[in-house]
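Enquirer: Residue numbers (our numbering), protein chains in the order written: chain A, 24 to 223; chain B, 24 to 223. First the structure, which I've put down as structure tokens, then a few questions once you've had a look.
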């Protein structure tokens, strides 16, 4: 089987949600698996690139507010924005903790977080919201809450974000196919062409 | 005939060049015309949005350097980057001057500037380079050089850039179809769907 597509994601990004659905669909048609890796835009975009979040950027913020649901409809993906801004740290730590033991479960958890946050307008920022969702997937609630405060988990997330940035990842969604990096939910057609042709 | 697609461009942007070729191709298949309007990213992106140019943005600059020729090849468009950074002001003023009298000639001029700068690696920054290219299209060289120093032309460009920003335009290429705005050379598939379905 060919190497997995690497998918860099941050729960904070609605384009990341659209990309998460799109890349799994695409991978299924191409006989590839998808390996999910966390990044935190608060570090890559704000600290390394020195930019503001899109929502706080004049002109672009208003455009994205309009473009995300339009893109979701174009892609045939359910979308419903929560009124609160999302804080992704708890969910990202939970993902890292789960992923160390069971990547399949970690991906189902991540997909459920994305679905709740961006398709069902639930605020998935808090540890309690993340733990409740995890419990619904059969994950031990107390163990998950403990993991969110575990220094080893915090360090592992920091290291994974640093590794992503060192690999050149700056935005979400980012897809890496056989070493070639693509940024944006609107790049899936190019990713598909790259896979099918072997690149150019 | 349906309303023209509005295309906001800046000669400084290689994605704008790719978009300029892509939108004319698309418009031809949809029975639409394309109305070209200038914007200056130095004003929209840097002054209004408070961002750096892509090339000076950590991580994203390196990505774009790699992505532009890759995107050009994906779109079947010739691309060859000049080693000098482009200064678009002279060419933008010449476009505004030409466009006031003959939009068809102004568009051919703009396409020739894009072609020279981004497909043939010529530096089209200087007044002389712009005037030479214009002369090749039958435009009076002395009149063009005079127009570049004409306060009325300078004001007209400033006003057109302000109008674009007031309309929400921030990046290049931007396409507006029946009042709906799309940003990015990678959004042509969505623009096409919007035209063919009447929007959603």
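We put the CB at the ideal spot given by N, CA and C, even for glycine. Since this is a predicted model, take the numbers as computed values, not measurements.
1. Quick one: Cα of residue 80 of chain B to Cα of residue 64 of chain B, how far?
2. Assuming residue 179 of chain A and residue 119 of chain A form a contact by the criterion Cβ under 8 Å, report the distance between their Cβ atoms to the nearest whole angstrom.
3. State the Cα-Cα distance for the pair residue 209 of chain A and residue 157 of chain B, rounded to the nearest angstrom.
4. Using a cut-off of 7 Å between C-beta atoms, extract the partners of residue 191 of chain B located in chain A.
5. If you measure from the beta carbon of residue 96 of chain B to each beta carbon in chain A, is any gap under 7 Å?
6. Mark residue 257 of chain A as exposed unless 16 or more other C-beta atoms lie within 10 angstroms of its C-beta, in which case mark it buried.
7. Could you run through the segment 52-80 of chain A and flag, in chain order, every residue whose CB is less than 8 Å away from some CB of chain B?
8. Between the C-alpha atoms of residue 26 of chain B and residue 49 of chain B, what's the straight-line distance to the nearest angstrom?
9. On a Cα-Cα basis, can you pick out the residue from A:174, A:125, A:177, A:117 that is closest to residue 149 of chain A?
10. Verify the CB distance criterion: does residue 33 of chain B have a CB-CB separation below 7 Å to chain A?
11. In angstroms, rounded to a whole number, what distance separates the CA positions of residue 136 of chain A and residue 145 of chain B?
12. Could you tell me the alpha carbon to alpha carbon distance between residue 31 of chain A and residue 134 of chain B, rounded to whole angstroms?
13. Give a yes or no on whether the C-beta atoms belonging to residue 29 of chain A and residue 47 of chain A are separated by under 7 Å.
14. Exposed or buried, residue 182 of chain A, counting other C-beta atoms within 10 Å across all chains shown (16 or more means buried)?
15. For a cutoff of 7 Å on Cβ pairs, would you count residue 209 of chain B as touching chain A?
16. Only counting runs of 4 or more residues, tell me where the alpha helix (DSSP H) segments fall wholly within the segment 77-165 of chain B, in order along the chain.
17. For chain B, find out if any of its Cβ atoms is closer than 7 Å to the Cβ of residue 120 of chain A; answer yes or no.
18. Since residue 60 of chain A is in the beta strand (DSSP E), which residue starts that stretch and which ends it?
19. For residue 204 of chain A, write down the residues that DSSP places opposite it in a beta bridge.
20. Could you name the residues of the same chain whose beta carbon sits closer than 6 Å to that of residue 78 of chain B, not counting the 5 residues immediately before and after it, in chain order?
21. Return the CA-CA distance between residue 41 of chain B and residue 114 of chain B, expressed in angstroms with no decimal places.
22. Please classify residue 176 of chain B: does DSSP put it in a helix, a strand, or coil?
23. In terms of residue numbering, what span does the beta strand (DSSP E) encompassing residue 29 of chain B cover?
24. Once you ignore the five residues that flank residue 100 of chain B on each side, which residues in its own chain have a CB closer than 7 Å to its CB?
25. For residue 187 of chain A, return the contacting residues in chain B, with the cut-off set at a CB-CB distance below 8 Å.
26. Ignore the nearest five residues each way along the sequence and tell me which others in residue 132 of chain A's own chain have a CB closer than 8 Å to its CB.
27. Verify the CB distance criterion: does residue 141 of chain A have a CB-CB separation below 7 Å to chain B?
28. Does any residue of chain B have a CB that is nearer than 7 Å to the CB of residue 147 of chain A?
29. Does any C-beta atom of chain B lie closer than 7 Å to the C-beta of residue 213 of chain A?
30. How about residue 192 of chain B and residue 214 of chain B: do their beta carbons lie closer than 7 Å?
31. So, for residue 154 of chain B: in the same chain, excluding its five sequence neighbours on each side, which residues have a beta-carbon less than 6 Å away from its beta-carbon?
Expert: Based on what the coordinates show:
1. Position 57 of the second chain, counted from the start, is the residue given in the question as residue 80 of chain B. Position 41 of the second chain, counted from the start, is the residue given in the question as residue 64 of chain B. The straight-line gap from Cα to Cα measures roughly 14 Å.
2. By 1-based counting over the first chain, the position of residue 179 of chain A is 156. By 1-based counting over the first chain, the position of residue 119 of chain A is 96. Residue 179 of chain A to residue 119 of chain A, Cβ: 5 Å. Contact.
3. The sequence position of residue 209 of chain A within the first chain is 186, counting from 1. The sequence position of residue 157 of chain B within the second chain is 134, counting from 1. Cα to Cα, residue 209 of chain A sits roughly 36 Å from residue 157 of chain B.
4. By 1-based counting over the second chain, the position of residue 191 of chain B is 168. Within 7 Å Cβ-Cβ: 82, 85, 86.
5. Counting from 1 along the second chain, the entry for residue 96 of chain B is found at position 73. Yes - at least one Cβ of chain A is within 7 Å of the one on residue 96 of chain B.
6. Here chain A comprises residues numbered 24 to 223, so residue 257 of chain A is not present and cannot be evaluated.
7. 67, 71, 72, 73, 74, 75, 80
8. Residue numbering aside, residue 26 of chain B sits at position 3 when the second chain is read from its first letter. Residue numbering aside, residue 49 of chain B sits at position 26 when the second chain is read from its first letter. Rounded to whole angstroms, residue 26 of chain B to residue 49 of chain B spans 14 Å at the Cα level.
9. Reading the first chain from its first residue, position 126 is the one you call residue 149 of chain A. Out of A:174, A:125, A:177, A:117, A:117 has the C-alpha closest to the C-alpha of residue 149 of chain A.
10. Within the second chain, residue 33 of chain B is the residue found at index 10, counting from 1. For residue 33 of chain B, the answer is no, since every Cβ of chain A falls outside 7 Å of its Cβ.
11. Locating residue 136 of chain A in the first chain gives position 113, counting from the first residue. Locating residue 145 of chain B in the second chain gives position 122, counting from the first residue. Computed Cα separation, rounded: 50 Å.
12. Stepping through the first chain from its first residue, residue 31 of chain A is reached at position 8. Stepping through the second chain from its first residue, residue 134 of chain B is reached at position 111. Distance between the alpha carbons of residue 31 of chain A and residue 134 of chain B: 37 Å.
13. For the purposes of this step, residue 29 of chain A is identified with residue 6 of the first chain, where counting begins at 1. For the purposes of this step, residue 47 of chain A is identified with residue 24 of the first chain, where counting begins at 1. For residue 29 of chain A and residue 47 of chain A, no; Cβs fall outside 7 Å.
14. Mapped onto the first chain, residue 182 of chain A falls at position 159. Exposed.
15. Looking up residue 209 of chain B in the second chain gives position 186. Output row for residue 209 of chain B: interface = yes.
16. 83-98, 112-124, 126-137, 150-159
17. In the first chain, residue 120 of chain A corresponds to position 97, counting from 1. No - not a single Cβ of chain B is within 7 Å of the one on residue 120 of chain A.
18. Numbered from 1 along the first chain, position 37 holds the residue referred to as residue 60 of chain A. From DSSP, the beta strand (DSSP E) with residue 60 of chain A extends over 57-61.
19. Taking the first chain and counting its residues from 1, one reaches residue 204 of chain A at position 181. Beta-bridge pairing links residue 204 of chain A to A:199.
20. Here residue 78 of chain B corresponds to residue number 55 of the second chain, with the count starting at 1. Within the same chain, residue 78 of chain B has close Cβ partners 84.
21. Counting from 1 along the second chain, the entry for residue 41 of chain B is found at position 18. Counting from 1 along the second chain, the entry for residue 114 of chain B is found at position 91. Near 18 Å, if we compare the C-alpha coordinates of residue 114 of chain B and residue 41 of chain B.
22. Locating residue 176 of chain B in the second chain gives position 153, counting from the first residue. Residue 176 of chain B falls in the helix class under three-state DSSP.
23. Numbered from 1 along the second chain, position 6 holds the residue referred to as residue 29 of chain B. 28-32 is the extent of the beta strand (DSSP E) around residue 29 of chain B.
24. Looking up residue 100 of chain B in the second chain gives position 77. Taken in chain order, the residues that qualify are 41, 44.
25. Residue numbering aside, residue 187 of chain A sits at position 164 when the first chain is read from its first letter. None at all; the shortest Cβ gap to chain B is about 10 Å.
26. Taking the first chain and counting its residues from 1, one reaches residue 132 of chain A at position 109. Closer than 8 Å at the Cβ level, and outside the excluded window around residue 132 of chain A, lie 117, 118, 121, 156, 157, 160, 162.
27. On the first chain, residue 141 of chain A is found 118 positions in, with the first residue counted as 1. No, residue 141 of chain A lies away from the interface with chain B (no Cβ there is under 7 Å from its Cβ).
28. On the first chain, residue 147 of chain A is found 124 positions in, with the first residue counted as 1. False, the Cβ-Cβ gap to chain B never drops below 7 Å.
29. Translated into the one-based positions of the first chain, residue 213 of chain A becomes position 190. Closer than 7 Å to some Cβ of chain B, the Cβ of residue 213 of chain A qualifies, so yes.
30. The sequence position of residue 192 of chain B within the second chain is 169, counting from 1. The sequence position of residue 214 of chain B within the second chain is 191, counting from 1. Taking 7 Å as the Cβ cut-off, residue 192 of chain B and residue 214 of chain B do not qualify as a contacting pair.
31. Indexing the second chain from 1 puts residue 154 of chain B at position 131. Only 164, 167, 168 meet the Cβ criterion.
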